[in-house]
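Enquirer: Attaching a single structure in structure tokens format; questions to follow.
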Amino acid sequence: MKLELQLQRLHDKFEQALAAGDWDQLAVLDAKLQQAIPRIRQQVLTVAGKQQLERLNVLYSTMIAEGEREKARTQQQLKQQESNREGMHAYMQNNQ
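Numbering of the sequence shown is given in the numbering used here, commencing with residue 445 and proceeding in unit increments.
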């Protein structure tokens, strides 16, 4: 299979997983990409291959940014839960 096609398929899989918010699948795909990078570097890339790599790089940057946003949302939820728990404990102590 040509490298360009492999990169296109990988891009599509990343895009689908990102759209679905499937962080487990994104981690699996990321591991595959990291394993493939040394092989990609050894190949002579065509213009189409370079274009596919650039598309993948742009999407990867988008994925990282979305991951950071998700991390911030999760941290905010955890802080809110902790605050709610502290409030509930205080309420329970005052009503005993």
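All C-beta atoms in this analysis are idealised placements derived from N, C-alpha and C, irrespective of residue type, glycine included.
#1: What are the boundary residues of the alpha helix (DSSP H) that K515 is part of?
#2: Excluding sequence positions up to five away, which residues of its chain have a Cβ less than 6 Å from the Cβ of L470?
#3: Go ahead and label L412 buried or exposed: buried means 16 or more other beta carbons lie within 10 angstroms of its beta carbon, across all protein chains shown.
#4: Would DSSP call K457 helix, strand or coil?
#5: Would you mind working out which of Q519, T490 and N528 sits nearest L449, comparing C-alpha positions?
Expert: Reading from the atomic positions:
#1: V491 to N538
#2: A461
#3: With the chain running from 445 to 540 in the structure shown, residue 412 is simply not present.
#4: helix
#5: T490
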